[in-house]
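> Numbering (our numbering), first residue to last: 671 to 964. First the structure, which I've put down as C-alpha cells, then a few questions once you've had a look.
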Ligand code: R5P
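This is the structure we're talking about:
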C-alpha cells in the first residue's frame, strides 16, 4: 500500500499545516530548528522519512533569515532517505526584483529561483508576483504549481460586502483585481502608481464618482510597507468616500504597516492565510489540498 506524504511545517505555517493534515489524512512530521548562540542553525528531523514523500510548508516572509534553515531542512530530510520533497511556499518571496532597475543590480528573482530549484523536487505556491516574468517555469527549473486565491477572495467579498467596488492600486494589480471582480460580480478600476523608492509612493486619483453608495475594496497581491494602499486610502479620504477595506493575498506588514493602515482610515484589513497574521480571514487550504492530492 502506498504511504501518505509526511507534512513538515516550518516558520509561521503551523496552523495551515494542521488544517491540511486534518483535512487530508496526511501524516504530520516533527522537525526542530535549533539556533546556536552564534546564530548558526541545526535541523533535527524526529520522524522516520525513509522512502517517504515529503511536503514542507513554510511561511517565507523575512526570507533572508529563513532560506538557509529551509535548505538545511531539505538536505537533512534527503540525507535521512526522504524520496520527493515538495516545497509549499504559499507566499513566494523574491519575485519583485524581476528586472534590473538600476545599473549595477542583479535580478534576484532568478537567483532565488535557481537556489530553491537545487534543493526541492517541486514547488507549490499561491499568486506569486508574476509581472515581467510571465511564468514560474521561466525561472524555476523544478515542476511547479501556481494556485490562485481569487475565488476564495471573491467568495469572501460576496459574503461580507454589499455593493463593493474593487480598486487595484497599480497596473500590476489588474490581473488579481479583474479576476476577483469577475468572480464577485463587482465593478473595478485600477490606478497608476509611481514608486520613487521603497516608501515614497504615489498613486493616481481613483475616479469613483460613478460608484455612489459603494464600499471601496483595495485589492493587491502583497501588502508590505502598506504605502501603496496608504496612498490610495488618503485619496479616498479626500473624496469623502466610505472607509475602504484593504484585501491582500499576502500580508507581510513590514514594520508598522498594519497599524498605519488602520490609523489612516482603513475600515478593515483582510488577508489570506498564506502568511500567519491576525488579519487572516480567507482560508486558502482548499486550493493547496487540491494541488497536493492531484
Ligand atoms: C508591487 O508591485 C506589488 O504588487 C504591491 O503593490 C507592492 O508590493 C506593495 O508594496 P507596499 O505595501 O510596500 O506598498
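Where a beta carbon is used, it is the ideal one built from N, C-alpha and C, also for glycine.
1. Can you find at least 3 beta carbon pairs, one from the region 801–812 and one from the region 823–837, that sit closer than 8 angstroms?
2. Classify residue 745: buried if its beta carbon has 16 or more other beta carbons within 10 angstroms, exposed otherwise.
3. In chain order, what are the residue ranges of uninterrupted beta strand (DSSP E) at least 3 long that sit wholly in the region 838–874?
4. Just the C-alpha distance for residue 723 and residue 915, rounded to the nearest angstrom, thanks.
5. Since residue 743 and residue 701 should fall inside the 8 angstroms C-beta cutoff, what is the C-beta to C-beta distance between them, to a whole number of angstroms?
6. Considering Cα atoms alone, identify which of 681, 897 and 859 is closest to residue 879.
7. What residue does the beta strand (DSSP E) around residue 611 start on, and which one ends it?
8. Go to residue 750, then tell me how far its beta strand (DSSP E) extends in each direction, as first and last residue.
9. Give a single yes or no on whether residue 896 has its beta carbon closer than 7 angstroms to a heavy atom of the ligand GTP.
10. Can you name, in chain order, every residue of its own chain whose Cβ lies under 7 angstroms from the Cβ of residue 721, other than the five neighbours on each side?
11. Run through DSSP, which three-state label would residue 734 get?
12. So, under 8 angstroms CB-CB, residue 839 and residue 898 are touching, yes? Tell me the CB distance rounded to an integer number of Å.
13. Please tell me whether, using a cut-off of 7 angstroms, the distance from the CB of residue 890 to the nearest non-hydrogen atom of the ligand R5P is below it.
14. Might you give, ordered along the chain, the residues of its own chain that have their beta carbon closer than 8 angstroms to the beta carbon of residue 946, omitting 5 neighbours on each side?
15. Residue 834: which of 853, 817, 907 and 816 sits nearest, CA to CA?
16. Verify the contact flag: residue 842, CB atom, against every heavy atom of the ligand R5P, threshold strictly below 7 angstroms.
17. According to DSSP, is residue 712 part of a helix, a strand, or is it coil?
18. For residue 889, which residues does DSSP report across the bridge?
19. Could you check if residue 947 belongs to the surroundings of the ligand R5P, using beta carbon to heavy atom distance under 7 angstroms?
20. Per DSSP, which one or two residues make a beta bridge with residue 814?
21. Evaluate residue 957 with the Cβ neighbour count: other Cβ atoms within 10 Å of its Cβ, from every protein chain shown; 16 or more gives buried, anything less gives exposed.
22. Does the region 915–924 come into contact with the region 937–946, if we say contact requires no fewer than three beta-carbon pairs (one atom in each stretch) closer than 8 angstroms?
23. In angstroms, rounded to a whole number, what distance separates the CA positions of residue 907 and residue 954?
24. State the Cα-Cα distance for the pair residue 841 and residue 717, rounded to the nearest angstrom.
25. According to the neighbour-count rule (16 or more other Cβ atoms, all chains shown, within 10 Å of its Cβ), is residue 770 buried or exposed?
26. Confirm, please, whether the CB-CB distance from residue 762 to residue 714 is below 8 angstroms.
27. Can you look up residue 691 in the DSSP assignment and give me helix, strand or coil?
28. Jot down the residue ranges of each uninterrupted alpha helix (DSSP H) in the region 768–792, minimum 4 residues, whole runs only, in chain order.
29. Should residue 766 be counted as a contact of the ligand R5P given a C-beta to heavy atom distance under 7 angstroms?
30. Looking only at its own chain, which residues have a Cβ that is under 6 angstroms from the Cβ of residue 815, when we skip the five neighbours before and after it?
31. Residue 803: which of 832, 764, 904 and 820 sits nearest, CA to CA?
Per the coordinate set shown:
1. no
2. Counting the other CB atoms within 10 Å of its CB gives residue 745 a total below 16, which places it among the exposed residues.
3. 858–860, 863–865 and 871–873
4. 41 angstroms
5. 6 angstroms
6. 859
7. There is no way to answer for residue 611, as the model of the chain reaches only from 671 to 964.
8. No beta strand (DSSP E) contains residue 750, which DSSP labels as neither H nor E.
9. Absent from the structure shown: the ligand GTP. Ligands present: the ligand R5P.
10. For residue 721, where only same-chain residues beyond five positions count, the Cβ hits under 7 angstroms are 751 and 753.
11. Secondary structure at residue 734: helix, using DSSP grouped into helix, strand and coil.
12. 5 angstroms
13. yes
14. Excluding positions up to five away in sequence, the list reads 682, 683, 684, 685, 686 and 729.
15. The shortest Cα separation from residue 834 among 853, 817, 907 and 816 belongs to 853.
16. The beta carbon of residue 842 sits closer than 7 angstroms to at least one heavy atom of the ligand R5P.
17. Three-state DSSP puts residue 712 in a strand.
18. 917
19. no
20. Bridge partners of residue 814: 793.
21. It is buried - the Cβ of residue 957 has at least 16 other Cβ atoms within 10 Å.
22. Contact between the region 915–924 and the region 937–946 is present, because at least three Cβ pairs lie under 8 angstroms.
23. 31 angstroms
24. 46 angstroms
25. exposed
26. Cβ distance not < 8 angstroms, so residue 714 and residue 762 don't count as in contact.
27. helix
28. 778–789
29. Annotation for residue 766 indicates a beta carbon within 7 angstroms of some heavy atom of the ligand R5P.
30. 794 and 961
31. 764
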